[in-house]
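In full-length UniProt numbering, the protein residues as written are 1 to 758.
Cβ coordinates follow ideal geometry from the N, Cα and C atoms, glycine included.
Report on one structure; see the data block that follows.
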DNA sequence: ACAATGGGT
């Protein structure tokens, strides 16, 4: 089989997410000119050696010695398993610690556990031994090795965890919940007892829970109330290679926490320190990034675990696919008509593509001869309800082929039973920051090609894969191209720009001071689980706090409190789904007018923010009087998305809790006098402001870009001297979304802006 | 003159 060559991308996100902005748990802070104390985890120092193994990365049959441990990853070639024979065969290690099966289903489950690569040979013993010996262990496990489900159980079944909880962090919600369900079954205990999970708005665990799967964002939140994470005796950071800001932040904090806790343990005998339980850290990664994590933790031991149980056959499309949705559809039918039973998983970049493919698939499947099995199409993406996402795990009905259309939500750590074929469009979406200096100054969400490790992860979801990306681009050419680009744009500068920009925003909001130290205001802001500009707006709505904490960069406070209103508006803005729905079925002209009329009904002359407030107030009126049915009808009639409102309500409850903790009155209301609402929003959105230009467009106050008001805004046809907006979206032009008119005077008074204009 | 949204709290 030929070795497919895959494009190596410069990932802007890696620069943005570089490990440089981290604040240590001890309050240390970022200095742009200082080198970080710890080894840089970002890709800036990407060694040449990494590229070479990657070329072999997609070969389907990795041969790796089971349980083979290497200190500090010195011999990289061994990882490609050149010709090392596998030493399977000795199925030791399952004797004494295995639970007694209590049913035939459980017997089967335990047999499956024993068949996992990680359970074979001496792997389990070696693993437990190493983790016992070392404070930090880096585990490089290939897809399908079983590390995510088994390692926590091994830790539990040995005495490593003591009486504490084992936390296993995941980058995705569905992964955390479905893993907990799976491992619960393997432990033969009800979900939420011995094995549980915690994701936002949904948790199932008790104080007795020993293994807790959770999203990394969740544990980062817990860090604020429990800075040493004393609840946990072992923290397993899974999918560490995903490298988001959160995982980097978590790893940086864990290093500090471990130093404190384990030092206290050493000093215990001398009676110096309080009794702190020591912390074990296990970092699990599916890619060769393991070396970086090892270096970060003072050359922690790296353990390699062999991968998948069944070889994956990868088919590439013969040529580059431009219309990848169409290509995915044609590939699906090739599989459906020619191939034996087995469910299909299709990876697509976003909701829009998923919906469009769903439409065409369901159209064509109804026209198939009845001799074919029927097709059950199941979409899966984060902004869909958890219940709908959970449907993909249901068993496939008889004489049916399940076809799952997923974003990268399904990329890691989930196993969908029955999936035998994966069709990968090779695309994903990612937020990228477009630096001010290159005409931007805002985030973009663009479709791009996936990375090599993503491709491997996706392939790992099944036994067979059809990949629609083109393998024809010569690898060497791309490296050259990337180097040129890096040179042209001055890579070092680029890597720092977003950081500077983020710091500037925080400074503008008063969250950090000139030395980049978190201010008391910033500390309060961080407690709210919303974007900084929104938490700043909430705090501005309470007269007492903003006057007491106001620094020189903050204008005088509004006289009247309006926290109640701000909580409503910011929770709706934070919701992941849109408040107003467009019914874009067949009648395009009439539907757009009906959406418009729905908005006009609640439209507030000042713009979208108070329109949101009007809508929620109207909805609350209806729900307090009417039945559930009437409420639904009302939403339908006014093109209001009830899911956005229910999600906003849950977010609002969280925000209310934070307010109470801070001693703010969440009921503080300005009633019908809505002036203070916009004034408060202005505090947070000061960087998101623009002035009217003679030609009717707007120009950023804090950037050079010309922007237009988004056609979905109530302000679309209005010409006002100045606006604030929630965000910019970049499509053919730069559009401002969530727009309100604001008095020009507010900004003239703002020191940060007047300074700039002077 | 025309609307593009991955993942996480």
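- Taking C-beta atoms as the reference points, residue 577 and residue 648 fail to come closer than 7 Å.
- A contact is defined here as three or more CB-CB pairs under 8 Å, and the stretch 163-180 fails this definition with respect to the stretch 324-338.
- Just measuring C-alpha positions, the residue of 640, 709 and 741 sitting nearest residue 729 is 709.
- The shortest CA-to-CA distance from residue 453 to any of 444, 428, 432 and 447 is the one to 428.
- Within the same chain, 149, 152, 153, 195, 211 and 213 come within 8 Å of residue 183 by CB-CB distance, once the 5 residues on both sides are set aside.
- Of the candidates 628, 180 and 616, the residue whose Cα lies closest to the Cα of residue 566 is 616.
- At least 7 Å separates the beta-carbon of residue 425 from that of residue 363.
- The beta carbons of residue 581 and residue 572 sit no closer together than 7 Å.
- In the structure shown, the three-state DSSP call for residue 328 is helix.
- When only Cα atoms are considered, residue 244 and residue 690 end up about 31 Å apart.
- Excluding its 5 nearest sequence neighbours in each direction, residue 358 has C-beta neighbours in its own chain below 8 Å: 377, 379 and 405, listed in chain order.
- For residue 133, no beta strand (DSSP E) run applies; the uninterrupted alpha helix (DSSP H) run containing it begins and ends at 123-133, by DSSP.
- Setting aside the 5 residues that flank it on each side, residue 527 is surrounded in the same chain by 658, each with a C-beta closer than 6 Å to its C-beta; the list follows chain order.
- Counting C-beta atoms within 10 angstroms of its own C-beta, residue 626 has fewer than 16 neighbours from the protein chains shown and is therefore classed as exposed.
- Leaving aside the five residues that flank residue 568 on each side, the residues in its chain whose CB is nearer than 7 Å to its CB run, in chain order, 613, 616 and 652.
- For residue 430, the three-state secondary structure derived from DSSP is strand.
- Per DSSP, the unbroken beta strand (DSSP E) holding residue 405 starts and ends at 400-406.
- Counted as a single uninterrupted DSSP element, the alpha helix (DSSP H) harbouring residue 650 occupies residues 642-661.
- Per DSSP, the continuous beta strand (DSSP E) segment holding residue 722 begins and ends at 722-730.
- When the beta-carbon positions are compared, residue 147 and residue 284 come within less than 7 Å of each other.
- The way I'd put it, the stretch 631-640 doesn't touch the stretch 506-516; fewer than three beta-carbon pairs between them come closer than 8 Å.
- Around the beta carbon of residue 201, fewer than 16 other beta carbons lie within 10 angstroms, which makes this residue exposed.
- Counting along the chain, no alpha helix (DSSP H) covers residue 339, and no H or E run does either.
- In the structure shown, the three-state DSSP call for residue 579 is coil.
- Within the model, the alpha-carbon separation for residue 743 versus residue 621 is close to 31 Å.
- For residue 106, the closest C-alpha among the options 687, 286 and 188 is that of 188.
- For residue 363, the secondary structure class from DSSP, reduced to helix, strand or coil, is helix.
- Residue 416 holds the alpha-carbon nearest to the alpha-carbon of residue 391 among 407, 145 and 416.
- For the pair of segments examined, the stretch 245-258 was found to touch the stretch 219-231: the number of CB pairs separated by less than 8 Å reaches three.
- Note on the stretch 133-188: whole alpha helix (DSSP H) runs with a minimum of 4 residues are 147-157 and 173-187, in chain order.
- By the C-beta density criterion, residue 717 is exposed, having fewer than 16 other C-beta atoms within 10 angstroms.
- The DSSP-derived three-state label of residue 700 is strand.
- Short of 8 Å from the beta carbon of residue 457, and not among the five residues preceding or following it, lie these beta carbons of its own chain, in chain order: 143, 286, 411 and 412.
- According to the DSSP assignment, residue 376 belongs to the beta strand (DSSP E) that extends over 374-380.
- For the 7 Å CB-CB criterion, residue 302 and residue 140 form a contact.
- Boundaries for residue 603: no alpha helix (DSSP H) harbours it, and the DSSP string shows neither H nor E there.
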